[in-house]
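For what it's worth, the working numbering labels the leading residue of the sequence shown as 31, then goes sequentially.
Every residue, glycine too, gets a C-beta built ideally from N, C-alpha and C.
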Amino acid sequence: MTNTQNLIPLTCMALAGFALAPALSATAEDAEHIHMAPVTNPLFFEDPHITSEVRPIFIYHKIDDTFISGGGFARVYAAQLRYAINDRLGFIATKDGFTQLRPTSVLPHKDGWNDLSAGLKYAVIDDKENDLIVTPGFKIAIPTGNERVFQGSGKGEWDVFISAQKGYDKVHFTGNAGARIPNDFHDQTAQLHYSAQVDYATCKYFVPFVAMSAFTTLNNANQLALGHEGYDVYNFGVSNGAGKTSAVLGGGFRSRVIDRVDLGFAYERGVTHPQGLFDSRFTVDLIFRF
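Right under this line is the structure:
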């Protein structure tokens, strides 16, 4: 195990301790009307609420040993931007950042920039009395990234989605479903994506959750002779992936550290076989609202 891998569990435990410490003295009233954004699948599991925020994200992604690279890992450093144009309409910029790709074999170690993605979302239902919000939206991904980290290919892709959340006192159910639609079906694959989360607000400092996400590939493309697509960050354009689904399960927590700052942590594991690119993943983020 590398030094980096040794540090990851220690970092996670430290973050958990940081969030749990204030929770010991928090009152039950802190948990009322708390809505926490998803942590998992950050590129596609969009929060239905309309907010203004900056969200730095770190991802440590372990590649499954059965993948063509024989395993390895990737680190992603990114930042998302959301801006509430009004109470219903929001601008979202959800993909950018820098990837360090470290496969075990076959492929070389490479670093590079990710593609850019931005769009709009609109809350068609925002029923605060019944704690229900429903928000459709869209994004366009622009192939501005570096091909050495499997970005910058194709002619861009659209993501058309709908997100919703329903609260029952301290329990919240959040869901998202959408479609990735490439502008060139020869270079990239079309995919359905869907995510779900259940959280329980014990107090504002500790909101644990369980979550799942999945991607189903709809067509074969002509870029890579692989039998499995690249999950969220990547669209490899594989030639033998149609009809296959990659699904992951995970859990974690959010903590409202102070009034305008949320900390999030999640751990996920792939549950479908073959697992393809996804063995496991740690995600840590901070949300700064303005």
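Quick check: the Cα distance between residue i and residue j, rounded to an integer number of angstroms?
{"i": "V301", "j": "Q227", "result": "16 Å"}
{"i": "I163", "j": "I155", "result": "5 Å"}
{"i": "P238", "j": "N71", "result": "16 Å"}
{"i": "N250", "j": "A220", "result": "8 Å"}
{"i": "P52", "j": "N176", "result": "Low confidence applies here, because P52 scores a pLDDT of 46, under 50, leaving its location unreliable; read the following figure in that light. Cα to Cα, the separation comes out at about 43 Å."}
{"i": "D292", "j": "S82", "result": "13 Å"}
{"i": "T324", "j": "A272", "result": "Because residue 324 is not part of the residues shown, which for the chain are 31 to 320, the question remains open."}
{"i": "V314", "j": "L150", "result": "24 Å"}
{"i": "D309", "j": "I93", "result": "5 Å"}
{"i": "Y230", "j": "N252", "result": "44 Å"}
{"i": "V179", "j": "F168", "result": "25 Å"}
{"i": "I87", "j": "I192", "result": "22 Å"}
{"i": "Y107", "j": "D262", "result": "15 Å"}
{"i": "G208", "j": "E159", "result": "27 Å"}
{"i": "D117", "j": "V190", "result": "21 Å"}
{"i": "K274", "j": "Y224", "result": "14 Å"}
{"i": "L73", "j": "F245", "result": "12 Å"}
{"i": "E298", "j": "L279", "result": "5 Å"}
{"i": "Y198", "j": "A296", "result": "23 Å"}
{"i": "F215", "j": "R286", "result": "42 Å"}
{"i": "H202", "j": "A241", "result": "12 Å"}
{"i": "T204", "j": "I122", "result": "18 Å"}
{"i": "N206", "j": "F75", "result": "6 Å"}
{"i": "V268", "j": "D126", "result": "22 Å"}
{"i": "K185", "j": "P173", "result": "7 Å"}
{"i": "I288", "j": "H91", "result": "29 Å"}
{"i": "V69", "j": "T247", "result": "23 Å"}
Would you kindly report the start and end of the unbroken beta strand (DSSP E) that includes residue i?
{"i": "F306", "result": "According to the sequence shown, residue 306 is Gly rather than Phe. Looking at the DSSP string, G306 is not in any beta strand (DSSP E), and its letter there is neither H nor E."}
{"i": "M66", "result": "M66 -> no beta strand (DSSP E), and no H or E assigned at all."}
{"i": "T174", "result": "From DSSP, T174 is part of no beta strand (DSSP E); its letter is neither H nor E."}
{"i": "V240", "result": "V237 to T247"}
{"i": "T232", "result": "No beta strand (DSSP E) holds T232; DSSP gives it neither H nor E."}
{"i": "H258", "result": "Segment: none, H258 is in no beta strand (DSSP E) and carries neither H nor E."}
{"i": "T219", "result": "Taken as a continuous stretch (DSSP letters only), T219 belongs to no beta strand (DSSP E), as it is neither H nor E."}
{"i": "H202", "result": "V201 to P212"}
{"i": "D77", "result": "Segment: none, D77 is in no beta strand (DSSP E) and carries neither H nor E."}
{"i": "S193", "result": "E187 to Y198"}
{"i": "K140", "result": "K140 to W143"}
{"i": "R284", "result": "T275 to I288"}
{"i": "A148", "result": "L146 to Y152"}
{"i": "D157", "result": "I155 to D157"}
Is residue i near residue j, with beta carbons less than 9 Å apart?
{"i": "F312", "j": "F236", "result": "no"}
{"i": "A194", "j": "S243", "result": "no"}
{"i": "I89", "j": "R105", "result": "yes"}
{"i": "G260", "j": "L222", "result": "no"}
{"i": "T124", "j": "A148", "result": "yes"}
{"i": "S99", "j": "V136", "result": "yes"}
{"i": "L316", "j": "G281", "result": "no"}
{"i": "T146", "j": "H139", "result": "Here residue 146 turns out to be Leu, not Thr, going by the sequence shown. Contact: no."}
{"i": "K200", "j": "I80", "result": "no"}
{"i": "K196", "j": "D141", "result": "no"}
Once the 5 residues before and after residue i are set aside, which same chain residues still bring their CB inside 7 Å of it?
{"i": "E187", "result": "A171, R210, I211, P212, N213, Q218 and N265"}
{"i": "V84", "result": "A109, L111 and F318"}
{"i": "P304", "result": "T96 and H258"}
{"i": "A114", "result": "I80, T81, S82 and G120"}
For residue i, which residues in the same chain have their Cβ closer than 8 Å to its Cβ, ignoring the five residues on either side in sequence?
{"i": "R290", "result": "F318, R319 and F320"}
{"i": "N270", "result": "N250, A255, L256 and G257"}
{"i": "F128", "result": "V106, Y107, A108, D141, G142, W143 and N144"}
{"i": "D157", "result": "I163"}
For chain D, is any of its Cβ atoms less than 9 Å away from the one on residue i?
{"i": "G257", "result": "In the displayed structure, chain D is absent; only one protein chain is listed."}
Excluding sequence positions up to five away, which residues of its chain have a Cβ less than 6 Å from the Cβ of residue i?
{"i": "T57", "result": "Residue placement at T57 is poorly supported in this model, since its pLDDT is 43, which falls under 50; the coordinates still yield a value, given next. Here the set comprises nothing."}
{"i": "A67", "result": "D77"}
{"i": "L54", "result": "A caution first: L54 carries a pLDDT of 40, below 50, which makes its placement in the model too unreliable to give a value."}
{"i": "Q181", "result": "N144, D145 and G175"}
{"i": "G102", "result": "I93, R132, P133 and T134"}
{"i": "L119", "result": "Y152"}
May I ask whether a heavy atom of the ligand GTP can be found less than 8 Å away from the beta carbon of residue i?
{"i": "D156", "result": "Summarising the ligand content, the structure contains no ligands, and the ligand GTP is consequently not present."}
Subject >> Length at least 3, wholly inside the stretch 81-136: the beta strand (DSSP E) runs in chain order >> reply: 83-92, 102-114, 119-125 and 128-133
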